[in-house]
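What follows is a single structure, written as structure tokens, with notes after it.
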Amino acid sequence: MSTPPADRPSFIQRTLSFWFRKEDFKMPAWEVVLLRVFLALLVWDTHTGWIGFWTQPMQALHAILHNGFAADITYTAQPHPNGIAMWFDLTFLSNDSIEGTLRALTAISLLLYAIGIASEWSLAIPTLFGLAAATLNNSQGSIGHTAQGLHLVLLMLWLAGIYQRITARSKSWLWGGLDHGRIEMNWARQGLAAAYVVSAITKVVNSQGLWFANAQYFSLHLLKNNGMEYHDRLEPAALKMDWLPAVLMDHPLACQFLFGIALPLELLAFLGLQNRRAAALFGIGLICFHETVTLLTNLSFILNKALLLALFINPIWWLVAGFQRAKSRPQRTA
């Protein structure tokens, strides 16, 4: 029996329902395992920098295996304490014996997490050491944003494990089951979405509500930054990108669109938690925004892009789902 025209949802209602109705992500077992391994590797990048060689597999592998031993925290003071450094002295991390031990334990812990050990055990040291080291680095007078999103995701994974342990949802004392992993990934996805929402709110507050209106002037800041980069380091490459900000200055509406669109994308990122389609939509949109900023500023945002690719898009899932759907279609007979 067909729906009467008067009761049929409008095109807009059907479109909004398609993109934003609440659906379970229904993560298969292989996806949970794949994400655990991938996220462990991303966290290890903060100790080795291997992702800088992602286009050179052998060099990336060498960095994964060796760079952790060469990493060294050298800060012996925290002149501008940030975060927990306002209450705790974190300079003990510059002690080579302590740092070396914690980094080795981090490597072992991430390996254990990747093979399935429950996150409440396996991510304790990576989370606490990673946050403490990043906080010490941010207590030197400047704030680095490179791994903030990743550390938030790491914290959410760990807290999800603790929550499941406290609420007796963990079926094994040692192993993190697949359901355990699915909840962790959902928490991680929520944490990443929350980071973007907070970023958008910060933009609105700091710009006194004029972020979109002021976005047209972003190209001027780029020209200034490129000039400072050239004069500070005498780096000719800094001036090679001047043509693009110059073009945007001639077309302020284009600049306003490219950078202004980031605000609604970030502010509404929580809608990407509704279902896989919405997650992919916001993931692709945010990656495109990051890529635009990379093109203009040479800031890579590689960890943010990787997190969006894994937690919001996961193209491998879409390929598998498409293949399974095509395979399940009935064959037409001649």
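For the sequence shown, position 63 matches number 989 in the numbering used here, and the numbering has no gaps at all. Heads up, the beta-carbon is just placed ideally off N, CA and C, and yes, glycines get one too.
If you follow the alpha helix (DSSP H) that residue i is in, where does it begin and where does it stop?
i	result
A1139	1137–1140
I938	937–946
Y1039	1022–1040
Q1250	1241–1254
K1231	1228–1233
S1045	1045–1048
P954	Taken as a continuous stretch (DSSP letters only), P954 belongs to no alpha helix (DSSP H), as it is neither H nor E.
I1088	1074–1092
D1105	1104–1132
T981	From DSSP, T981 is part of no alpha helix (DSSP H); its letter is neither H nor E.
A1205	1202–1223
G1067	Where G1067 is concerned, there is no enclosing alpha helix (DSSP H), given that its DSSP letter is neither H nor E.
P1005	That residue, P1005, is in no alpha helix (DSSP H); it is neither H nor E in DSSP.
To the nearest angstrom, how far is the alpha carbon of residue i from that of residue j?
i	j	result
F946	Q939	10 Å
L1085	K952	21 Å
S1125	D998	30 Å
L1100	L965	20 Å
A1204	W956	22 Å
H1157	L1237	Since pLDDT at H1157 reaches only 48, below the 50 mark, its modelled position is unreliable, and the value read off the structure follows with that caveat. Cα to Cα, H1157 sits roughly 40 Å from L1237.
R1255	A1058	53 Å
F944	L1235	21 Å
G978	L987	11 Å
V1079	A1121	9 Å
Q1200	T941	14 Å
G1117	V963	19 Å
L1179	A1139	10 Å
I1127	G1026	39 Å
F1014	Q1066	15 Å
D971	F1196	27 Å
L1081	D950	23 Å
F1249	V958	19 Å
S1068	E1217	24 Å
T1220	F1144	14 Å
W1244	L1104	20 Å
N993	Q1004	25 Å
W976	V1246	28 Å
Using CA coordinates, which residue listed in the options is at the minimum distance from residue i?
i	options	result
I1187	I1213, A1204, Q1200, N1008	I1213
L1136	A986, I1034, F1185, S1096	F1185
I1210	L1233, I1069, L1225	L1233
T981	I1228, V1246, G1248, N1240	I1228
F926	W1244, I1239, S1023, A1033	The chain is shown from 927 up to 1260; residue 926 falls before or after that span and cannot be answered.
A1206	M1082, N1230, P1241, L1019	P1241
K1231	L1016, A1033, F1215, K948	F1215
A1114	I1092, G1087, R934	G1087
So residue i and residue j are in contact, right, with Cβ under 8 Å, and what is the actual spacing, rounded?
i	j	result
T1000	A989	At roughly 20 Å, the Cβ-Cβ gap does not stay under 8 Å, so T1000 and A989 are not in contact.
L961	A1011	L961 to A1011, Cβ: 31 Å. No contact.
A1060	A1073	6 Å
F1055	L1028	5 Å
L968	L1076	6 Å
A1141	C1181	7 Å
Output yes if chain D places a C-beta closer than 8 Å to the C-beta of residue i; else output no.
i	result
L1225	Among the chains of the structure shown, chain D does not appear; only one protein chain is present.
Is residue i near the ligand GDP, judged by its Cβ being under 7 Å from some heavy atom?
i	result
W970	Although the ligand GDP was asked about, the structure shown includes no ligands whatsoever.
**Prompt:** Should the segment 1103–1111 be called in touch with the segment 1188–1201, which here means at least 3 C-beta pairs below 8 Å?
**Reply:** no
Next on the checklist: Pairs of beta-carbons, one from the segment 1033–1047 and one from the segment 1089–1097, closer than 8 Å: are there three or more?
Outcome noted: yes
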